[in-house]
Amino acid sequence: NEMKTIPVALGHFTRAHGQYPGSSMAAATLVVIPVIIVYLIFQRNFIKGISMTGTKY
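For the record, in the sequence shown the residue sitting at position 38 is 38 according to our numbering, with numbers rising by one throughout.
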């Protein structure tokens, strides 16, 4: 199946190119960059949600 989740695809890539750690690190970096961008965009919402946890209204 060509539709794979990102961690599964990264695992397949690492097994196929395991002798080249540079390419595995580049692939891992490309996987992490969108997650970091989403976190930076919604950072205030994450912090607000965490700080409101456990408080009573």
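Don't be surprised by glycine CBs; every beta carbon is placed ideally from N, CA and C.
Straight-line gap, Gly22 to Gly54 (C-alpha atoms, nearest Å) = 44 Å
As assigned by DSSP and simplified to three states, the class of Thr5 | coil
Would you identify the three-state DSSP class for Phe13, choosing helix, strand or coil?
-> helix
Put Thr29 into one of helix, strand or coil per three-state DSSP.
-> helix
So what does DSSP say about Tyr39, is it helix, strand or coil?
-> helix
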